[in-house]
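> What follows is a single structure, and I will ask about it in a moment.
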DNA sequence: CTTTTTGTCTACCTTGAACATACAAAAGAG
DNA sequence: CTCTTTTGTATGTTCAAGGTAGACAAAAAG
């Protein structure tokens, strides 16, 4: 996302990118990537996200598609939506993980690795990426506990 | 997969599991998981995979759905398909990775982590899983170089 | 009070996933 | 060699769901 709009977006964090040729629906791609930013703590509670129409124009999709992504995130408790006001980031406590969630994660991780291995990525490169993500996980932990 | 069929399947490796409620199409779920096994070297070149109809019955889907997965894997060079004969595993050299592939991997990895974080998985649990996958990557490397 | 902003709702269209069924080629039985 | 079985392929159909357009409603802005 997001055109840099002087008063609304202090620093354009990670850009949203969509792949129209993917089988993953666009609204879900959008939701996934915004969720990633939220989990990483790139937005403060109370902050306003860009409007559905702004993002829609940026990505070249219909505003309803973005609205669907927002609605999903709202259902998950990340956002508060009200017409006329926009999308506000909520403070959300993560629930306890179920054992199934962990197994599902393991499987999806293995599939992902298999796919990129098949695309030619070396084990070395994959491990490097793991380490970087692990790093950022540690950073988050620190920042969280400082609150 | 795969019912244990005495002469065809020496050891039923990893089972295929599909999630009908997922937005990811079933044929792709199947392809992803078989590809994972192929990348991990769980099948030897020349070995025959179960028939489309066997897997279809096991999973409770139409055989054409499995055939679509097989066709995808064949296009990627993993399998050789011929009617009457079945699906034979080919020896496939992985291509060189493009820079884009690595970036795409980084993004997808972050999305995945964000999703499971949101589902309550702790950073600790995530890192543990990373380490396990890293381990298995090392094992593969060893085995590959022994050839 | 009027206009603008912003999310929501309804209706529609299109795509493609999944399926049922018939077909064709290779292998196997005799 | 012929018939049957096995196995992937091709064709046509159905239906859910993603995406869109456009109207609507509530809050804010002026």
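Residue numbers (this note's numbering), protein chains in the order written: chain D, 2 to 148; chain G, 2 to 148. Beta carbons: idealized from backbone N, C-alpha and C, even for Gly. Bear in mind that the values here come from a model prediction, so they are computed numbers and not experimental data.
What is the DSSP secondary structure of residue 69(G), counted as helix, strand or coil?
helix
> Round the Cβ separation of residue 127(G) and residue 138(D) to the nearest angstrom and send it over; I've been treating them as touching at under 8 Å.
6 Å
> With residue 32(G) as the anchor, note down where its alpha helix (DSSP H) starts and where it stops.
27-40
> Quickly, what does DSSP pair residue 114(G) with across the bridge? List them, please.
Residue 114(G) pairs with nothing; no bridge assigned.
> Secondary structure at residue 48(G), three-state DSSP: helix, strand or coil?
It is coil, neither helix nor strand.
> Have a look at residue 68(D) and residue 106(G) and give me their C-alpha separation to the nearest angstrom.
27 Å
> If the criterion is Cβ atoms closer than 7 Å, does the pair residue 30(D) and residue 19(D) meet it?
yes
> With DSSP as the reference, label residue 81(G) as helix, strand or coil.
strand
> Rounded C-beta distance between residue 89(D) and residue 49(D)? I'm assuming under 8 Å.
A Cβ-Cβ separation of about 6 Å places residue 89(D) in contact with residue 49(D) under the 8 Å criterion.
> With 16 other CB atoms within 10 Å as the buried threshold, where does residue 51(D) fall?
buried
> Over the uninterrupted beta strand (DSSP E) stretch that includes residue 90(D), give me the two end residues.
87-90
> Given this structure, state the Cα-to-Cα distance separating residue 120(G) from residue 15(G), to the nearest angstrom.
25 Å
> Taking 8 Å as the limit between beta carbons, can you name the residues of its chain near residue 91(G), skipping five residues before and five after?
Here the set comprises 46, 78, 79, 80 and 81.
> In chain G, which residues lie with their C-beta within 8 Å of the C-beta of residue 118(D)?
Result: 40 and 95.
> Around the Cβ of residue 104(D), are there at least 16 other Cβ atoms within 10 angstroms (buried) or fewer (exposed)?
exposed
> Using C-beta distances below 7 Å, list every residue in its chain close to residue 74(D), excluding the 5 sequence neighbours before and after it, in chain order.
32, 35, 36 and 80
> At the level of alpha carbons, what is the spacing between residue 95(G) and residue 64(G)?
29 Å
> Over the uninterrupted alpha helix (DSSP H) stretch that includes residue 59(D), give me the two end residues.
Residue 59(D): member of the alpha helix (DSSP H) spanning 53-60, first to last residue.
> DSSP on residue 104(G), reduced to helix/strand/coil?
Residue state, collapsed to three classes: helix.
> Note down, in chain order, each residue of its chain lying with its Cβ closer than 8 Å to the Cβ of residue 72(G), except the 5 sequence neighbours on either side.
82
> Looking at the C-beta of residue 112(D), does it have a partner C-beta in chain G at a distance below 7 Å?
yes
> Go ahead and pull the three-state DSSP assignment for residue 141(G).
helix
> Got a sec: is the Cβ-Cβ distance from residue 89(G) to anything in chain D below 7 Å?
Interface flag for residue 89(G) against chain D is unset, since no Cβ pair is found closer than 7 Å.
> In whole angstroms, what is the alpha-carbon distance linking residue 1(D) and residue 122(D)?
This structure leaves residue 1(D) out entirely; chain D is present only between 2 and 148.
> Taking a cut of 7 Å between CB atoms, which residues from the region 48-81 of chain G lie near chain D?
Residues of the region 48-81 of chain G with a C-beta atom less than 7 Å from some C-beta of chain D are 77, listed in chain order.
> Return the Cβ separation of residue 26(G) and residue 99(D) in integer angstroms, given the expectation that the two are a contact with Cβ distance under 8 Å.
About 25 Å separates the two Cβ atoms, so there is no contact after all.
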